[in-house]
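Each residue of the sequence shown is one higher than the one before, starting from 1 at the first, in the UniProt record's numbering. Cβ coordinates follow ideal geometry from the N, Cα and C atoms, glycine included. Just so we're clear, the structure is a prediction, and the values are computed from it rather than from any experiment. Data first, discussion second: the structure below is written as structure tokens.
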Amino acid sequence: MQTLNDDVVFLIVSFVAPEDARDLSAVCRKFHIPAKRRALSEAVFSDPGVCARFCKYMLEDIPGRLHWLRRLTLDAPYSGAGGMSLREWDLDLLVAFFRHALNISFLSLNSAERIACSKQEMIDALAALRNLEELKLTSVRELTLDIIKKSAAPLRKLELGPDVHQIHFHRFFSRVTPVQTVQSLELSILDMDPPVQIDPQRQWLGVHDLTLICVYGQLQIIQQAFPNIRTLVLHEVGLTGPSHPNSRWSSLDYVRVVFENLHNIDISCPVRHLQLQIWDHSVHSSLWSTLRATTPVFLTLKASRSNEDFWPTLLRGPFSLESLRGLELVCRYTVTSSDDFRSWLDLFSDANAELPLVCMKIIVEDETYQFWDVRDLLRSLTLLASKVASIRYISLGIGTCNLYEDNYHGSMWWWRVNTVEQRKTLEAISRNSGMRVLAALQSPEYKDSIDLDALVAPERGRDVEGESGTYYLHTLQCDSIIPWGRVV
């Protein structure tokens with residue numbers, strides 16, 4: 001133990017959770033200081049009494065304690081939240097705390113506007129955090145925007161949540177000087193009516209990743225304000241109107257649309273990876289318009305829980321997308337939706353035999369753990385492999401997934417499609433190999449010349465991921481059906 005380099009010890013401890021690091025600090029002298037520093041590096045508080053005790057403890061030894069704090073989350077109450085009043089928080093103590101916590105790199109603060117109104121010295125204390133790289137503020141209005149305006153920190157990621165009332169887009173851009181170090185920006189509940197012209201001196205040129213939540217207005221304003229974005233995430237957003245002639249995006253690497261009527265979004269530029277969370281039942285005409293305008297290389301379609309008739313009403317003709325190489329489908333399991341999806345998949349295989357598809361991934365969302373028999377769906381997958389000549393990888397997942405995020409828990413299988421003596425066979429490959437293939441297809445650097453087979457590890461067989469995998473009794477059945485089966 002004594003021969004370990006100090007840098008190695010610090011690296012090992014960095015993977016330990018802060019609450020476990022406190023116990024680790026008592027193991028031996030070699031780990032005591034690194035583990036103690038790790039235990040003090042992160043803190044999350046929602047209780048004013050606990051927060052006050054922590055602040056006093058850290059202020060007792062600023063060099064040995066407070067200077068090691070890197071990430072802090074303060075869940076101060078919203079107005080009327082749980083009956084807790086902001087008066088219960090010692091704001092004078094918090095101001096003193098922030099004036100000395102100069103090494104914080106991540107800060108999340110609820111009720112930012114209420115805190116700034118109650119204690120305006122907080123604005124200068126937060127603006128003086130010189131090493132801040134990620135800042136998340138909710139309940140944002142004029143005083144809170146002054147924190148960003150005065151800050152000289154090298155912010156890389158900025159998230160601004162709403163107050164009860166909307167912030168007008170012009171007020172945000174006129175009050176906040178663009179922070180050109182910011183690469184990732186999230187804005188919530190902005191009003192862009194009436195539209196305004198964006199001064200070129202106030203463009204956020206460094207922003208590459210943009211997330212908009214409940215923002216409605218004209219697309220050209222967003223294009224003017226953020227001309228260099230590469231990824232765009234839209235939650236319940238309406239962006240219409242023509243693109244700005246001088247600021248339209250030439251292409252985007254990733255666009256994600258969550259819970260939205262596609263009639264309210266007009267994105268007319270190539271998108272490498274397009275992910276759509278389908279909400280509207282009459283979405284199909286706008287869906288195809290969006291696909292034709294964006295020509296995605298990888299497409300993800302998710303049908304919402306309330307949209308039971310999505311698959312039977314989805315256009316069953318050819319996709320007619322020469323650019324498409326990867327297709328991911330997420331469907332919800334019910335007896336009806338399962339039958340509809342399987343029928344649609346069979347028709348898809350017949351209609352898209354000439355589609356240049358390389359990989360198809362299907363996730364069956366089954367929150368009730370009742371989708372025990374996968375045999376019928378596997379028959380559809382074998383039909384897909386035999387009909388679509390270009391397809392080389394197929395994946396099937398059964399479990400649960402978060403519709404707002406990409407978290408997935410459940411069982412997953414991957415197969416590589418091989419051709420032996422003019423016959424198709426499905427070869428089981430590991431989940432890790434399949435995920436490497438998927439990552440390559442979703443990457444902006446993907447080209448048809450890339451050898452995807454080189455990403456497949458020599459080991460064979462399936463790999464089960466996640467918490468709910470043990471709930472599925474068909475796990476072994478799935479391998480026994482087509483681990484090395486001949487398709488045609």
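Contact set for Val-233: own chain, Cβ-Cβ below 6 angstroms, skip 5 residues either direction: Thr-211, Arg-256
Cα-Cα separation, Phe-106 to Asp-90: 21 angstroms
Spatially closest choice to Val-258 from Phe-15, Leu-190, Arg-230, Leu-301, by CA coordinates: Leu-301
Extent of the continuous beta strand (DSSP E) to which His-235 belongs: 231-235
Residues near Pro-227 by beta carbon distance below 8 angstroms, same chain, minus five either side: Gln-203, Leu-205, Ser-247, Trp-249
Three-state class that DSSP yields for Phe-226 in the structure shown: coil
Runs of beta strand (DSSP E) wholly within the region 95-132 (minimum 3 residues, chain order): 106-109, all fully within the region 95-132.
Contact check, Cys-269 vs Leu-287, beta carbons under 8 angstroms: Contact flag unset, no.
Cβ-Cβ distance between Leu-74 and Cys-51 below 8 angstroms: A contact, by the Cβ cut-off of 8 angstroms.
Thr-300 - partner residues in DSSP beta bridges: Gln-275, Glu-328
Cβ neighbours of Pro-154 in the same chain (closer than 6 angstroms, five flanking residues each side left out): Sequence-distant Cβ neighbours of Pro-154 in its own chain, meaning closer than 6 angstroms and more than five residues away, are Thr-181.
Backbone CA spacing between Val-207 and Gln-201 [nearest angstrom]: 14 angstroms
Cβ pair count under 8 angstroms reaching 3, the region 439-449 against the region 413-431: Segment contact: the region 439-449 against the region 413-431, fewer than three CB-CB distances shorter than 8 angstroms; contact not assigned.
Whole-angstrom distance between Leu-455 and Arg-431, CA atom to CA atom: If you draw a straight line from the Cα of Arg-431 to the Cα of Leu-455, it is about 12 angstroms long.
As assigned by DSSP and simplified to three states, the class of Thr-295: coil
Exposure of Phe-341, with buried meaning 16 or more beta-carbon neighbours within 10 Å: buried
Cβ neighbours of Ser-184 in the same chain (closer than 6 angstroms, five flanking residues each side left out): Lys-157, Asp-209
Limits of the unbroken alpha helix (DSSP H) element including Leu-59: 48-59
Cβ-based neighbour list, Gln-275, same chain, cut-off 6 angstroms, excluding 5 preceding and 5 following: Within the same chain, Arg-256, Thr-300 come within 6 angstroms of Gln-275 by CB-CB distance, once the 5 residues on both sides are set aside.
Residues bridged to Asp-209 (per DSSP): Ser-184, Thr-231
Reference Lys-387, options Arg-423, Leu-40, Ile-429, closest by Cα: Arg-423
Option nearest Asp-451 by Cα separation, candidates Thr-400, Arg-392, Trp-413: Considering only alpha carbons, the answer is Arg-392.
Neighbour-count burial assignment, His-32, 16 or more Cβ in a 10 Å radius: By the beta-carbon neighbour count (other beta carbons within 10 angstroms, threshold 16), His-32 is exposed.
Assigned secondary structure, Glu-322 (DSSP; H/G/I helix, E/B strand, else coil): Coil.
Strand pairing of Phe-45, partner residues [DSSP]: Leu-74
Opposing strand residues paired with Asn-418 [DSSP bridges]: Thr-425
Ile-482 classed as buried or exposed, judged by whether at least 16 other C-beta atoms fall within 10 angstroms: Its pLDDT being 37, under 50, Ile-482 is placed unreliably in this model, and the value from its coordinates should be taken loosely. Under this definition Ile-482 is a buried residue.
Alpha carbon of Asp-350 to alpha carbon of Pro-458, nearest angstrom: Looking at the two C-alpha atoms, the distance is approximately 32 angstroms.
Backbone CA spacing between Gln-277 and Leu-426 [nearest angstrom]: 30 angstroms
Cα-Cα separation, Val-179 to Leu-143: 17 angstroms
Exposure label - Thr-177; buried when at least 16 CB within 10 Å: exposed
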